[in-house]
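For reference, the structure discussed in these notes is given below.
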Amino acid sequence: MSSVRCLPGRRESRLHDPSSGSTSALTPEGIYPMMYFPHNLHFLSVAASMDGRSAVAERAARELDAAVPDHNVRHMPRLEMFRPALLFALVRFGRWEDVLAVPAPPSEQRYTTGT
């Protein structure tokens, strides 16, 4: 059992709380939504996978998949490292039918396709 735990309710920051009065935090711009936020989701998915928490790992990986669309990867190729996270989470927990149901990535994503 891992000694590292995600604290309940700590995933969202106060900056994303509409009652905080900060509207700029609700619609971040620049590199944050493209790189840092996906990194946080990736970290959560991997940490939950290592801790055996399949539901958290899969949910974070699905959010990550939505946060890093293919057109962003075309503009910033380094983002491709996030694209197979859902597959990794599903494989980690033996969800083979779900792995087969994931749509194939674009052929130009060499890391994700394994070519």
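If you number the sequence shown the way my numbering does, the last residue is 259 and the count never jumps.
Don't be surprised by glycine CBs; every beta carbon is placed ideally from N, CA and C.
- In the three-state reduction of the DSSP assignment, S251 falls in the coil class, being assigned neither a helical nor a strand state.
- Inclusion of V212 and R227 in the CB contact set at 8 Å is warranted, their separation being smaller than that value.
- Sequence-distant Cβ neighbours of S198 in its own chain, meaning closer than 6 Å and more than five residues away, are F237.
- For D195, no alpha helix (DSSP H) encloses it, and the DSSP letter there is neither H nor E.
- In the three-state reduction of the DSSP assignment, V246 falls in the coil class, being assigned neither a helical nor a strand state.
- No residue range can be given for L223, since it is assigned to no alpha helix (DSSP H) and is classified by DSSP as neither H nor E.
- The beta-carbon separation of Q253 and V217, rounded to 6 Å, stays under the 8 Å limit for a contact.
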